[in-house]
Amino acid sequence: SSTIVAIKLLDINDEPPRFVRKEWQIEVEENDSVDSSAQLSMTNSSHFTSSILRLYVQDNDLPSTNSMHYWIIGEHHSRTNLKFRDIEQLIDKLDNNYTENFTITTNTDGSASLRIRHPLDYEQPMERFIMLRIAVTDLPVETNHQFQFHKLDRYHIDLCTVYIKVRDSNDNKPIFAQQLVNVSLSESSIIGTIITKFVATDADQNGHSPILYSLDRMANRRRYFTINSEGFVRLSRPLDRETISTHIVKVIAIDTDEPRLTSTATLIVNVDDVNDNAPQLINDTLPPVAENGPPTRLGDIYAYDRDDYSKGNGPPFTFFMAPDASDQIKRFFRLESDFKGEGKATIHSLVTFDRETQKRYTIPIVVRDGGYPSLSSTCLVNVIIGDLNDNEMKDGWKDVNVFYIDMKFSEMFTPPFK
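277 is the number of the first residue of the sequence shown in my numbering; add one for each residue after it.
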């Protein structure tokens, strides 16, 4: 007789895991999302953000016999592309899941997800090229204990290398060499005068990112200043210290990448005074002087100057009667300047006035400042002669015309036409 014997062969974990690729090459942006859950349990992959790379292995054993675990055993940085040498020696030298910027987790299908742990910065030259050495084993590992490779069967360990190239992104604002520039400029400066130069740099594009410059319109409404593509600020219209003594302008630097980033600096222009304003009189009319009185002091006149006294563009003031004053004015009045030169002079009369002869006199007076070069102006001071009742009454006559209109009251409101 014969019989059939069915033998069920049970699988054991006797085949090693092998990465489907020994080398992986990827590129990531320097501002790619960071895995905020890196401090959470490595076994709970549902908490992690999207991965930057998914790694796969092949294992001929049944999934039920395998327990995949992945570890980053080496992380190397370089400013240039790199290749790994003698990587197999790391198995004896590295005993834990060592990494600074990345984390790796095991997925339910046995693959692995690589994620960013800490931000990457392209502007740090040593972070532009990163090489990771990743190990996988299908042997059970106590995750609550330090993982030690040398205690595992090397037959059940496989290694792969991940080369990561970090791409530059526009994540840096331009930086001004000087955030505040304070300059002084004479108000007599000509249009086109170079006031200063602003320099801004951008760490993106290896420091070669083009920079555009502009001036904030709200702070430069009257367009006193312009700035060109090289950062030179020039005067574009005449200055007047007596109108605006200090200009505060916001300078803007803009990079040309997307999204465009800006930064600002401040330019303060202090306008230095020049003696460009002639002195004037504060008062040009004296109190009325009564007629028939003896020669007397008529009153004081005062001078002022819009220029900066602290720069010597003002006092001492000198007063004198204009050379072209009439002979009558020279005979009737005398001008006495204050010896201190602080802007005061006194006018005296030299004769007795008769209002019935002349009611008003106008005295041309020259006022000169102490600036360099000195400026002067001619001002007219009025002297009014007050009236006294010093004349007798005389007979007089006057014509008065009277008109009489003969019209009834009702006729005044009758329309002229029907």
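Ideal placement from N, C-alpha and C gives every residue a C-beta, glycine not left out.
Membership of Q604 in the alpha helix (DSSP H) is indicated by the continuous run D603 to F608. Only residues of its own chain outside the window of five on either side were considered, and among them none has a CB closer than 6 angstroms to the CB of I681. Checking the DSSP bridge columns, you'll see H624 partnered with R573 and R610. Going by beta carbons, V565 and E463 fall outside the 8 angstroms limit.
Under the DSSP assignment, K674 falls outside any beta strand (DSSP E); it carries neither an H nor an E label. Within the same chain, and ignoring the five residues on either side of W300 in sequence, the residues whose Cβ sits closer than 8 angstroms to its Cβ are L329, L331, C436, T437, V438 and Y439.
In this chain, A598 is not harboured by any beta strand (DSSP E), its DSSP state being neither H nor E.
Between the segment 643 to 650 and the segment 582 to 596, the count of C-beta pairs closer than 8 angstroms reaches three or more; the two stretches touch.
In the DSSP assignment, Q301 falls within the beta strand (DSSP E) that extends over E299 to E305. DSSP, read as helix, strand or coil, puts Y637 in strand. If you draw a straight line from the Cα of T379 to the Cα of S389, it is about 8 angstroms long. For S462, the uninterrupted beta strand (DSSP E) run begins and ends at L456 to S462, by DSSP.
When DSSP states are grouped into helix, strand and coil, G483 belongs to the helix group. CA-to-CA, the gap between G569 and P563 works out to about 14 angstroms. Rounded to whole angstroms, the gap between the alpha carbons of K616 and I466 is 36 angstroms. Per DSSP, I467 has no beta bridge partner at all. H624 is not a Cβ neighbour of P555, given a cutoff of 8 angstroms. Exposure of Y431 is indicated by the presence of fewer than 16 other C-beta atoms within 10 angstroms of its C-beta. Taking the Cα of L461 as reference, the smallest distance to any Cα among I487, A495, P514 and D478 is reached at P514. Per DSSP, the beta-bridge partners of R409 are G350 and T437. Here Y648 carries a coil assignment [DSSP, helix/strand/coil]. The residue from N446, E351 and T519 with its alpha-carbon nearest to that of S485 is N446.
Assignment of beta-bridge partners to K473 by DSSP yields F508.
Counting along the chain, A541 sits inside the beta strand (DSSP E) bounded by residues T538 to D548. When only Cα atoms are considered, S512 and E567 end up about 58 angstroms apart.
Of all C-beta pairs linking the segment 473 to 484 to the segment 522 to 542, three or more are shorter than 8 angstroms, placing the two stretches in contact.
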